[in-house]
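Notes for the one structure printed next.
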Amino acid sequence: MPLPERKKLRLIDYDYSQAGLYFVTICINNRRNLLWNDTNPSTSTQLVIVSLSKIGLTVDSAIQNISVYYPNVSVEKYVIMPNHIHLILRISGNGGRALRAPTISQIVLQMKAYITKQLGESIWQKGFYDRIIRNDEEYRMVWDYIDTNPINWQDDTQYGST
């Protein structure tokens, strides 16, 4: 019996290295809660106090260094959740250089590989999810989603498993 065909996560014929904004979600394999020390942090209506685990701190460092490895890529905003991360990545023009900008896939693959090497094991689910941010309204919606994600963690039935 043939294996089911994997759903393609990227748009066909879209150049994911072109200048623009991208909302990226990367998940931990089997939704394991590895990135926070406590998945039930103290909360108020506007603030969640999160303590990143050692693995979470490694992920945080890798995210903060993306623009070191890719000077034309900046992390506009991000949040580290217990078992996934969300980022808004901005790819700028290459400044007239002949070098091609990295694709979102290359950026995520390099970051995952770096973290895997630092930890001595892979923690990642295969692939990642992305959304091209097309306008200011989408940008604000994604920004707000990232801002409120830790506050809404307790109510998230999709992620709050193990």
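Just so you know, we're using my numbering here: the sequence shown kicks off at 5 and counts up by one. Note that the Cβ used here is the ideal one computed from N, Cα and C, for glycine as well. Computed from a predicted structure; not experimentally measured.
Cβ neighbour criterion (16 or more within 10 Å) applied to residue i
i	result
residue 139	exposed
residue 145	exposed
residue 121	exposed
residue 116	buried
Cα-Cα separation between residue i and residue j, rounded to whole angstroms
i	j	result
residue 44	residue 158	7 angstroms
residue 52	residue 134	25 angstroms
residue 150	residue 31	15 angstroms
residue 26	residue 92	6 angstroms
residue 88	residue 106	22 angstroms
residue 33	residue 85	13 angstroms
residue 23	residue 97	5 angstroms
residue 123	residue 59	7 angstroms
residue 40	residue 67	16 angstroms
residue 110	residue 70	11 angstroms
residue 63	residue 141	29 angstroms
Contacting residues, own chain, Cβ-Cβ under 6 angstroms from residue i (five flanking each side not counted)
i	result
residue 94	25, 78, 80
Own chain partners of residue i with C-beta closer than 7 angstroms, once the 5 adjacent residues on each side are dropped
i	result
residue 73	114
residue 37	43, 86, 87, 166
residue 136	24, 26
residue 153	83, 85, 90
Minimum Cβ-Cβ distance from residue i to chain C less than 8 angstroms
i	result
residue 122	In the displayed structure, chain C is absent; only one protein chain is listed.
Beta-carbon proximity list for residue i, same chain, < 8 angstroms, skipping 5 on both sides
i	result
residue 196	Since the displayed the chain opens at 5 and closes at 166, residue 196 lies outside it and no answer follows.
Identify every run of the alpha helix (DSSP H) within the region 19 to 68, keeping only runs that are complete inside it and at least 4 residues long; order them along the chain. 58 to 68
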